[in-house]
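Encoded as structure tokens, the structure appears first; notes follow it.
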Amino acid sequence: MPWYLSRKWPGVLFAFGLVLSLVTDPKVGAGAPFMTVAVLWVLLTGRARKVYWNARLRTRAALDERDSRLGM
47 MPWYLSRKWP
57 GVLFAFGLVL
67 SLVTDPKVGA
77 GAPFMTVAVL
87 WVLLTGRARK
97 VYWNARLRTR
107 AALDERDSRL
117 GM
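Each residue of the sequence shown is one higher than the one before, starting from 47 at the first, in my numbering.
Printed below as a string of structure tokens:
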């Protein structure tokens, strides 16, 4: 899976924003931009992630069907 479709990096970014907002003054809102970018990242790449996994599942199903036809 490409790194930009992974949920790991937005999660890390969100956690960094959360820790930053807990450590700094709440009036400053230092962690808000990081959390906003993380949420937008997940929302904007959701469709691409779905297409990626559907393509993988279709490929796997085609290979399984081919193997069953060949008697493997």
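For each residue, glycine too, the CB sits at the ideal point set by N, CA and C.
Count the other CB atoms within 10 Å of the CB of residue i; is the residue buried (16 or more) or exposed (fewer)?
{"i": "P56", "result": "buried"}
{"i": "F84", "result": "According to the sequence provided, residue 84 is Ala. The question's Phe does not apply to it. By the neighbour-count rule (16 or more Cβ atoms within 10 Å), A84 is buried."}
{"i": "G75", "result": "exposed"}
Less than 8 Å between the beta carbons of residue i and residue j, yes or no?
{"i": "G63", "j": "F80", "result": "yes"}
Quick one: Cα of residue i to Cα of residue j, how far?
{"i": "L90", "j": "N100", "result": "17 Å"}
{"i": "R53", "j": "S67", "result": "21 Å"}
{"i": "E111", "j": "V88", "result": "33 Å"}
{"i": "D113", "j": "T105", "result": "12 Å"}
{"i": "P48", "j": "R102", "result": "13 Å"}
{"i": "L86", "j": "A61", "result": "14 Å"}
{"i": "V97", "j": "T70", "result": "39 Å"}
Can you tell me the Cβ-Cβ gap for residue i and residue j, rounded? I've got them flagged as a contact below 8 Å.
{"i": "L51", "j": "R95", "result": "5 Å"}
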